[in-house]
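Residue numbers (UniProt numbering): 1 to 112. Please read the structure below before turning to the comments.
This is how it looks when you write it as structure tokens:
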């Protein structure tokens, strides 16, 4: 999911991302979605493809049917660096939850 919604020339758009999730998860039984608050890479605030946009793409897919959340193991990550402290970990996790439209993550990781 790292490039979903990115400004890269071959990055899938929202509809393509949702079609990929439909095919992989609903049709083929994949049950893990791994994303991060930093995605997409590259991001660009000027085009609305900001960090966290990939989580919004996934959140919109989950919102199409509330039963979808129960079908997947959902993981996200905080980006490592000088910002790693309890306050920022909690704030970034809450941001991920909001963008994903869920009240829990199955796994939350430190990225790096």
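C-beta atoms are modelled at their ideal positions from N, C-alpha and C, and glycine is treated no differently.
Going by C-alpha to C-alpha distance, which of the options sits closest to residue i?
i, options, result
"residue 78", "5, 27, 1 and 38", "38"
"residue 57", "98, 18 and 108", "18"
"residue 40", "46, 53 and 48", "53"
"residue 48", "36, 69 and 14", "14"
"residue 62", "103, 89 and 85", "103"
Report yes if the C-beta distance between residue i and residue j is below 9 angstroms; otherwise report no.
i, j, result
"residue 80", "residue 110", "yes"
"residue 31", "residue 71", "yes"
"residue 76", "residue 55", "yes"
"residue 99", "residue 59", "yes"
"residue 96", "residue 42", "no"
"residue 68", "residue 20", "no"
Residue i bridges to which residues according to DSSP?
i, result
"residue 76", "108"
"residue 44", "49"
Just to confirm the assignment, what range does the alpha helix (DSSP H) spanning residue i have?
i, result
"residue 92", "86-100"
"residue 62", "53-63"
"residue 20", "14-21"
"residue 70", "68-71"
Give a single yes or no on whether residue i has its beta carbon closer than 8 angstroms to a heavy atom of the ligand FAD.
i, result
"residue 32", "Among the ligands in the structure shown, none appear at all, so the ligand FAD cannot be discussed."
Is residue i close to chain B? Criterion is C-beta to C-beta, closer than 9 angstroms.
i, result
"residue 98", "Absent from the structure: chain B. Only one protein chain is present."
From what residue to what residue does the beta strand (DSSP E) around residue i run?
i, result
"residue 25", "Segment: none, residue 25 is in no beta strand (DSSP E) and carries neither H nor E."
"residue 33", "32-34"
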